[in-house]
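Enquirer:
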Amino acid sequence: MKSFSISHTMLCSHLPCYIIFFIALHVHKLDSVNFKVKGPDHPITAIAGKEIVLSCHLLPRMSAENMEVRWYRTQFLEVIHLYQDGVDHYEKQMPAYQGRTELLRDGIADGNIALRIYRITPADEGHYSCFIQSSAFYGEAMLELKVAGFGSDPRISIEGYQDRGIRVVCESAGWYPEPKAQWRDQNGQLLASSSETKSKDANGLFQMQISIVTTENSNRDLSCFVRNPSFNQERESTIYITDVFFPRVSPWMVAVCVILALLGFLIFPAIYYFWKKHEAKGELLAELRWSNVRQYAVDVTLDPDTAYPHLVLSENRKSVEWRSQHQDVPDCPKRFDCVTCVLGYEGFTSGRHYWEIDVGDGTNWGVGVARETVSRKGWITPMPEDGFWAVEECRGQYRALTSIEMPLSLSKSIRKIGIYLDYEGGRVAFYDLVREDPFFTFTAHFTEKIFPFFLVYSQLTVCPWGDLRMICLPLVSEL
Numbered sequence: 001m002k003s004f005s006i007s008h009t010m011l012c013s014h015l016p017c018y019i020i021f022f023i024a025l026h027v028h029k030l031d032s033v034n035f036k037v038k039g040p041d042h043p044i045t046a047i048a049g050k051e052i053v054l055s056c057h058l059l060p061r062m063s064a065e066n067m068e069v070r071w072y073r074t075q076f077l078e079v080i081h082l083y084q085d086g087v088d089h090y091e092k093q094m095p096a097y098q099g100r101t102e103l104l105r106d107g108i109a110d111g112n113i114a115l116r117i118y119r120i121t122p123a124d125e126g127h128y129s130c131f132i133q134s135s136a137f138y139g140e141a142m143l144e145l146k147v148a149g150f151g152s153d154p155r156i157s158i159e160g161y162q163d164r165g166i167r168v169v170c171e172s173a174g175w176y177p178e179p180k181a182q183w184r185d186q187n188g189q190l191l192a193s194s195s196e197t198k199s200k201d202a203n204g205l206f207q208m209q210i211s212i213v214t215t216e217n218s219n220r221d222l223s224c225f226v227r228n229p230s231f232n233q234e235r236e237s238t239i240y241i242t243d244v245f246f247p248r249v250s251p252w253m254v255a256v257c258v259i260l261a262l263l264g265f266l267i268f269p270a271i272y273y274f275w276k277k278h279e280a281k282g283e284l285l286a287e288l289r290w291s292n293v294r295q296y297a298v299d300v301t302l303d304p305d306t307a308y309p310h311l312v313l314s315e316n317r318k319s320v321e322w323r324s325q326h327q328d329v330p331d332c333p334k335r336f337d338c339v340t341c342v343l344g345y346e347g348f349t350s351g352r353h354y355w356e357i358d359v360g361d362g363t364n365w366g367v368g369v370a371r372e373t374v375s376r377k378g379w380i381t382p383m384p385e386d387g388f389w390a391v392e393e394c395r396g397q398y399r400a401l402t403s404i405e406m407p408l409s410l411s412k413s414i415r416k417i418g419i420y421l422d423y424e425g426g427r428v429a430f431y432d433l434v435r436e437d438p439f440f441t442f443t444a445h446f447t448e449k450i451f452p453f454f455l456v457y458s459q460l461t462v463c464p465w466g467d468l469r470m471i472c473l474p475l476v477s478e479l
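Numbering follows full-length UniProt numbering, with no gaps: position 30 of the sequence shown is 30.
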């Protein structure tokens, strides 16, 4: 009994040490535990032009906040998105994915790794690897992404007379992979096409055109079907050709009758409409000529409180440069935290204003204006519906930032962009400084303060205000 009492006393006195020892041992085991990376066991389908979320997870469940997360395609160093030491390393991304990915943080503490990819194109189709590495172990999972484009409704048109019949053409665009197009009669029976052409647009999506010649005694009730064979989706349009289109005496007589019938309803109103439109356009172009808008030159500087943390401003706040290193700046409400943007310090609530930006030899930039209340936090897509009116250059392609992609025709060696804001007139015009007329103009109704907007992936410089005023002074004196 005495020895038991002594052992019990010793055990009680050393009990805290035992507890600490086992807790430390347990923590060490957690840090060193092996894991597997699991992904979906079936292909993931994404719609062209939309966004998709790719996901994988750790087994057993554990936090990946302090691990390296790497998404890549076929080569380990061809990075789609890299998360390391709690930070996203956008500077290591492949050019094709810059500005298009976002690592979602909601489930990372539970081992759920989700990557959102924006603006999906056919080039994104293929295999992806989700690689996760801790201090002691690593694992990866492979998943397959398929891209689908379901295209537009077929557009059927009558193209004229051919081989004593009428040539009917069906067109549809925006398909991926390559679709199948065919004609059918009213009973669903297949009809042979007289011609078929296919092509790809700049985004890798297919355009189809098929034609058929129909006569008065053959099929007049025609349906055009375009089908995506990989996803078993199809679109259909139907046309019925009446007797009036078939020649009784000669094709020329029918053509003359149709033209005369359309003349009174279409030609004269159309001529008047285009004449008025041309007259109004001439007045607007005269107002927007570069030699006229320069007299409204203003001094624009950059607002450091709005700059994305990877952007560095010059001392005079006229230049901004993208750096790979995250800058130590306060996270204030005005600052963009996910997109490499910065706003001008001066805002406008009325009047006309003009400034110029030197984009240098850099690529991947955007310039324009934004309203004061635009979203600054999280991922944003600049477009007029969200308060941005801007144009951009991305990998040698110029476009207006609108909800529907709008390519622009510009000189490949462009270095300077001029921006003209007419607040009351509701216009934002852009100039490439080698011609008088603007290359693109937005129209809008402004109701709040408007700021200069800059999307920076390399370096931009606001041209000195004094240089613009020296150019403009002779114009003002002539007025």
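We put the CB at the ideal spot given by N, CA and C, even for glycine. As the structure is a computational prediction, the values presented were derived from the model and not from experiment.
1) Just confirm the distance between the C-beta atoms of G368 and F446, as a whole number of angstroms; I'd bet it's less than 8 Å.
2) Given a cut-off of 7 Å on the beta-carbon distance, is the pair K416 and D361 in contact?
3) Are the beta-carbon atoms of S195 and S211 separated by less than 7 Å?
4) Return the CA-CA distance between N232 and D153, expressed in angstroms with no decimal places.
5) Could you pull the start and end residues of the beta strand (DSSP E) that N112 belongs to?
6) Which word fits C341, buried or exposed, when buried means at least 16 other C-beta atoms lie within 10 angstroms of its C-beta?
7) Would you mind working out which of R164, G99, S55 and E51 sits nearest R119, comparing C-alpha positions?
8) Could you name each continuous beta strand (DSSP E) segment of 3 residues or more that falls completely within the region 286–323, going from the start of the chain to the end?
9) Extract the residue ranges of the beta strand (DSSP E) inside the region 185–264, only unbroken runs of 3 or more that lie entirely within it.
10) Sorted by chain position, which residues of the same chain lie with C-beta nearer than 6 Å to T197's C-beta, five sequence neighbours on each side aside?
11) Only counting runs of 3 or more residues, tell me where the beta strand (DSSP E) segments fall wholly within the region 323–358, in order along the chain.
12) What's the gap between the Cα of G347 and the Cα of V300?
13) For S129, count neighbouring Cβ atoms within 10 angstroms of its own Cβ and tell me buried if that reaches 16, exposed if not.
14) Taking its Cβ as the centre, do 16 or more other Cβ atoms sit within 10 Å of F22, making it buried, or is it exposed?
15) With a CB to CB cut of under 7 Å and the five nearest residues on each side skipped, what residues in its chain are close to G174?
16) Helix, strand or coil: how does DSSP classify F21 here?
17) Relative to the alpha-carbon of G99, which residue among N364, T306, W465 and L401 has its alpha-carbon at the smallest distance?
18) So, do the region 138–148 and the region 41–48 have three or more beta carbon pairs nearer to each other than 8 Å?
19) Look at the Cβ atom of E392, then the Cβ atom of K449, and state whether they are nearer than 7 Å.
20) Considering only residues of the same chain and omitting the five flanking positions on each side of E178, which have a CB-CB separation below 6 Å?
21) If V320 sits next to Q459, beta carbons under 8 Å apart, how far is it from one beta carbon to the other, in whole angstroms?
22) Under 7 Å, do I241 and R220 count as touching if we go by C-beta distance?
23) What are the start and end residues of the beta strand (DSSP E) that includes I419?
24) With distances taken from CA atoms, which of A181, Y457 and K92 is nearest L77?
25) Determine, using beta carbons only, whether H353 and V312 come nearer to each other than 7 Å.
26) With DSSP run on the structure shown, which of helix, strand or coil describes Y138?
27) Use the C-beta contact count for A390: other C-beta atoms within 10 angstroms, 16 or more gives buried, fewer gives exposed.
28) Where M470 and P464 are concerned, what is the direct C-alpha to C-alpha distance, given to the nearest angstrom?
29) May I ask you to verify whether the region 157–171 touches the region 58–72, counting CB pairs closer than 8 Å and requiring at least 3?
30) Going by DSSP, name the residue or residues bridged to T461.
31) Contact criterion: CB-CB distance below 7 Å. Does S157 meet it with respect to chain D?
32) On the DSSP bridge list, what partners appear for L54?
33) For K29, name the three-state secondary structure that DSSP assigns.
34) For P179, which of helix, strand or coil comes out of DSSP?
35) Which same chain residues, not among the five before or five after V53, have their C-beta less than 6 Å away from its C-beta?
36) If you measure between the beta carbons of Y423 and L408, is that distance less than 7 Å?
Expert: Quick answer:
1) G368 to F446, Cβ: 13 Å. No contact.
2) no
3) yes
4) 15 Å
5) N112 to I117
6) buried
7) E51
8) 311–313 and 319–322
9) 195–200, 206–214, 221–228 and 233–240
10) Q209
11) 341–343 and 352–358
12) 9 Å
13) buried
14) Below a pLDDT of 50, predicted positions are generally treated as unreliable, and F22, at 44, falls in that range; the measurement from the model is reported next regardless. Looking at its Cβ environment, which holds fewer than 16 other Cβ atoms inside 10 Å, F22 is exposed.
15) G149, G151, S152 and L205
16) The predicted position of F21 is uncertain, since its pLDDT is 42 and thus under 50; a value taken from the coordinates is nonetheless stated next. Reduced to three states, the DSSP call for F21 is helix.
17) N364
18) yes
19) no
20) F206
21) 7 Å
22) yes
23) K416 to D422
24) K92
25) no
26) strand
27) buried
28) With a pLDDT of only 46 at M470, under 50, the local geometry of the prediction cannot be trusted, and the value read off the model is given with reservation. Distance between the alpha carbons of M470 and P464: 11 Å.
29) no
30) S319 and D358
31) Protein chain content of the structure displayed is limited to a single chain, and chain D is not contained in it.
32) L115
33) Residue placement at K29 cannot be trusted, given a pLDDT of 42 that sits under 50; what the coordinates show is reported in the next sentence. Of the three classes helix, strand and coil, the one that applies to K29 here is helix, per DSSP.
34) coil
35) A114 and R116
36) no
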